[in-house]
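So in full-length UniProt numbering, spot 213 of the sequence shown is number 213, and the numbers just go up one at a time.
Don't be surprised by glycine CBs; every beta carbon is placed ideally from N, CA and C.
Predicted model, so just to flag it, every value in this text is computed and none were measured.
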Amino acid sequence: MTAALVSAHGLTKHYRVAGRRRLTAVNDVDLEVAAGTVRAVVGESGCGKSTTGRLLLGLETPSAGEVRFDGRGLAERSPAELRALRRELQVVFQDPYDVLNPRMRVDTILREPARVHGQEGSARSVPDLLDLVNLSSDFAERYPHELSGGQRQRIAIARAIALNPRFVVCDEPVSALDVSVQAQVVNLLRRLQDDLGLAYLFISHDLALVRYLAQDTTVMYLGRVVEEGPTEQLFADPRHPYTQLLLAAVPRVRGERSATSREVRRLGELPSPLDAPPGCVFATRCPLADDRCRATRPELRDVNGHRVACHYAETADVAA
1 MTAALVSAHG LTKHYRVAGR RRLTAVNDVD LEVAAGTVRA VVGESGCGKS TTGRLLLGLE
61 TPSAGEVRFD GRGLAERSPA ELRALRRELQ VVFQDPYDVL NPRMRVDTIL REPARVHGQE
121 GSARSVPDLL DLVNLSSDFA ERYPHELSGG QRQRIAIARA IALNPRFVVC DEPVSALDVS
181 VQAQVVNLLR RLQDDLGLAY LFISHDLALV RYLAQDTTVM YLGRVVEEGP TEQLFADPRH
241 PYTQLLLAAV PRVRGERSAT SREVRRLGEL PSPLDAPPGC VFATRCPLAD DRCRATRPEL
301 RDVNGHRVAC HYAETADVAA
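Written out as structure tokens, the structure is:
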């Protein structure tokens with residue numbers, strides 16, 4: 001088995017809101033991303049997947065647990081070591097227009113990471129970066145407002161790889177783009193991952209993209225991991241009711257959906273993490289929940305080759 005490049009153990013993040021109330025955005029998450037692989041994190045908005053990405057990058061400090069890179073904890077490193085580590089850890093955000101300085105030309109944007117980290121001699125050149133993301137050299141003289149959404153995201157990706165990172169968090173990188181452009185950007189991410197040996201944490205709600213890009217998938221709900229495993233295995237045989245309902249909602253041929261997708265629409269809104277249930281986090285919406293589910297939280301355990309947090313994982317079937 002390939003050793004983990006990035007790993008989280010017992011990762012937890014609390015926020016104080018509305019006075020003294022505590023919101024738990026990420027709750028006791030274990031997660032690994034092997035070198036040169038893609039792990040997807042999926043779930044509804046508010047499930048904690050973006051917070052998990054920020055914690056793995058060291059952009060936020062965990063309330064409990066730890067993040068390790070190359071076997072060494074982020075908390076164990078000195079400020080100078082963390083600064084050097086930033087070159088290895090990069091991110092591509094959802095909306096490129098929010099992160100590209102509108103007053104900078106593209107060539108300045110792409111040189112900025114090397115200037116900040118004092119790596120002008122070892123960073124990729126602007127022409128090289130533009131070529132890697134399939135843009136011609138004349139884009140170097142343009143400003144962000146002169147680019148389309150897809151072109152801006154390509155520039156954001158080029159900036160992310162300028163310092164030759166090993167791990168990139170892709171946080172909904174195509175959800176703000178037109179459907180016609182999404183496939184092009186996803187294919188670009190896949191090619192760069194193959195050619196440069198990158199490891200991705202791919203955060204998305206688009207399960208079709210996840211199946212195309214990721215070797216492993218983690219499903220989150222209300223800050224907890226409810227199922228994880230090899231992507232093809234998880235898609236072929238989901239054992240958690242929440243995963244089953246998510247997959248049932250994916251359009252089939254000619255836009256058809258399974259009958260189970262009606263259950264997804266009946267689930268209603270995700271409960272507030274301020275009022276998470278005491279037992280299984282999915283019990284308030286699960287069509288199979290009973291008193292045991294509402295009282296006792298299931299632990300992640302091995303079932304059919306992947307890990308599931310469900311008391312009835314061996315028999316759970318929301319379509320039955």
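Based on DSSP bridge pairs, tell me the residues matched to residue i.
i, result
"H9", "E66"
"T217", "A40 and G229"
"F235", "In the DSSP output, where bridge partners are listed per residue, F235 has none listed."
"G73", "R68"
"residue 335", "Outside the displayed span of the chain (1 to 320) sits residue 335, for which this structure offers no information."
"Y15", "L23"
"R224", "Y221"
Under the rule that 16 or more other beta-carbon atoms within 10 Å means buried, what is residue i, buried or exposed?
i, result
"N101", "exposed"
"G53", "buried"
"A195", "At residue 195 the sequence reads Asp, which differs from the Ala that was named. Its Cβ having fewer than 16 others within 10 Å, D195 is exposed."
"H145", "exposed"
"S204", "buried"
"A80", "exposed"
"T296", "exposed"
"A316", "buried"
"E285", "According to the sequence as given, residue 285 is Arg; it is not Glu. So R285 counts as buried."
"N134", "exposed"
"S272", "exposed"
"R103", "exposed"
"L130", "buried"
Which two residues bound the contiguous beta strand (DSSP E) that contains residue i?
i, result
"N27", "R21 to A34"
"A199", "A199 to S204"
"H117", "Here H117 belongs to no beta strand (DSSP E); instead the alpha helix (DSSP H) covers V106 to H117."
"V126", "Per DSSP, V126 belongs to no beta strand (DSSP E); it is in the alpha helix (DSSP H), V126 to L132."
"Q90", "L89 to V92"
"L307", "What sits at residue 307 in the sequence shown is Arg, not Leu. H306 to V308 is the extent of the beta strand (DSSP E) around R307."
"R301", "R301 to V303"
"C280", "It is not in any beta strand (DSSP E) - C280 carries neither H nor E in the DSSP assignment."
"D171", "F167 to D171"
Compare the Cα-Cα distances from residue i to each of the options and report the closest residue.
i, options, result
"R20", "I161, L274 and R68", "L274"
"R39", "H311, R111 and E227", "E227"
"E299", "T284, A276, T52 and R224", "R224"
"K49", "S180, C170 and R159", "C170"
"L189", "R239, Q153, T218 and R83", "Q153"
"R105", "G58, A156 and L82", "A156"
"T217", "L11, H9, S137 and T37", "T37"
"L56", "Q182, Q90 and R83", "Q90"
"E44", "T61, Y312, A64 and Y221", "Y221"
"R72", "H9, V133 and A64", "H9"
"Q151", "S122, A289, L247 and V181", "V181"
"V250", "D206, S137 and L59", "D206"
"R166", "R87, L246, P287 and A248", "R87"
"A309", "R103, P238, A248 and E112", "P238"
"N27", "L129, Y312, C280 and A208", "C280"
"F69", "L31, R301, Q94 and P127", "L31"
"V318", "H311, P278 and Q244", "Q244"
If I'm right that residue i touches residue j with Cβ under 8 Å, what's the distance once you round it to whole angstroms?
i, j, result
"A25", "L5", "That belief does not hold up - the Cβ atoms of A25 and L5 are roughly 24 Å apart, past 8 Å."
"V219", "Y200", "Incorrect: roughly 17 Å between the Cβ atoms, too far for contact."
"A160", "V210", "Rounded, the Cβ-Cβ distance is 20 Å, inconsistent with contact."
"L132", "A158", "6 Å"
"H311", "R294", "11 Å between Cβ atoms; not a contact."
Tell me where the alpha helix (DSSP H) around residue i begins and ends.
i, result
"C293", "D291 to A295"
"R154", "G149 to A160"
"L57", "K49 to L57"
"Q193", "V179 to L196"
"E81", "P79 to L85"
"L246", "P241 to A248"
Would a check of beta-carbon distances place residue i closer than 9 Å to chain C?
i, result
"Y312", "You won't find chain C in this structure, because it holds only one protein chain."
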